[in-house]
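Trainee:
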Amino acid sequence: MADFWVIDTTCTVLPTSSLELDGSEFYYNRAVVPADSKEAAIALLTANLEEEGILIREVVGALTYEDGDWSNDFYHLDRAYHIAKQENEVCTATFISSDVYDFKYKGL
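Reading the sequence shown from the start, the letters are residues 1356 to 1463 in the working numbering.
1. Under the assumption that V1368 contacts G1423 (Cβ atoms under 8 Å), give the Cβ distance between them as a whole number of angstroms.
2. Closer than 8 Å by C-beta to L1418: which residues in its own chain qualify, once you throw out the five before and the five after it? Chain order, please.
3. What's the gap between the Cα of S1453 and the Cα of C1366?
4. Whole angstroms is fine: what's the gap from A1402's alpha carbon to Y1436's?
5. DSSP state of T1401, grouped into three classes?
6. Which of the three DSSP states is assigned to Y1430 in this structure?
7. Beta-carbon within less than 8 Å of E1405's beta-carbon, same chain only, minus the 5 sequence neighbours each way: which residues are those?
8. To the nearest angstrom, how far is the alpha carbon of T1447 from that of D1428?
9. With a threshold of 6 Å on Cβ separation, who are the neighbours of H1431 within its own chain once the five nearest residues in sequence on each side are excluded?
10. Where does A1386 fall in DSSP's three states?
11. When burial is assigned at 16 or more other CB atoms within 10 Å of the CB, is V1387 buried or exposed?
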């Protein structure tokens, strides 16, 4: 059975993406990814995002859901985990521009 990896990344949204852009330099992404290894999870997330016109700039962190303490998470991670587990597919918990993140969450 696959683990469920929580992967935090910074991303660049390409002009070909259907996402609405706000002029931010980059975007934060937190996703839950079912995979047998961290490397496989990152590869799957990379492919999934590239299909949407999004490129990963940096993998900030990757940890199995079971090994993390998510009690202070404000990204709707529990919901994403349950969907990823039920559907056995990548589920984004949040995708937020750096400008909005800095305005909304700086100092938390």
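The C-beta atom is built at its ideal place from N, Cα and C for all residues, glycine as well.
Mentor: Based on what the coordinates show:
1. Position 13 of the sequence shown, counted from the start, is the residue given in the question as residue 1368. Position 68 of the sequence shown, counted from the start, is the residue given in the question as residue 1423. About 26 Å; that fails the 8 Å criterion.
2. Locating residue 1418 in the sequence shown gives position 63, where the first residue counts as 1. These residues qualify, in order along the chain: W1360, V1361.
3. Here residue 1453 refers to the residue found at position 98 of the sequence shown. Here residue 1366 refers to the residue found at position 11 of the sequence shown. C-alpha separation (whole angstroms): 10 Å.
4. The sequence position of residue 1402 within the sequence shown is 47, counting from 1. The sequence position of residue 1436 within the sequence shown is 81, counting from 1. Straight-line Cα distance between these residues: approximately 19 Å.
5. To locate residue 1401, count along the sequence shown from 1; it is residue 46. Three-state DSSP puts T1401 in a helix.
6. Within the sequence shown, numbered from 1, the residue matching residue 1430 stands at position 75. It is coil, neither helix nor strand.
7. Locating residue 1405 in the sequence shown gives position 50, where the first residue counts as 1. Here the set comprises nothing.
8. Within the sequence shown, numbered from 1, the residue matching residue 1447 stands at position 92. Within the sequence shown, numbered from 1, the residue matching residue 1428 stands at position 73. Distance between the alpha carbons of T1447 and D1428 is about 14 Å.
9. Counting from 1 along the sequence shown, the entry for residue 1431 is found at position 76. Closer than 6 Å at Cβ, skipping near neighbours: A1448.
10. Here residue 1386 corresponds to residue number 31 of the sequence shown, with the count starting at 1. Here A1386 sits in strand by DSSP.
11. To locate residue 1387, count along the sequence shown from 1; it is residue 32. So V1387 ends up on the buried side.
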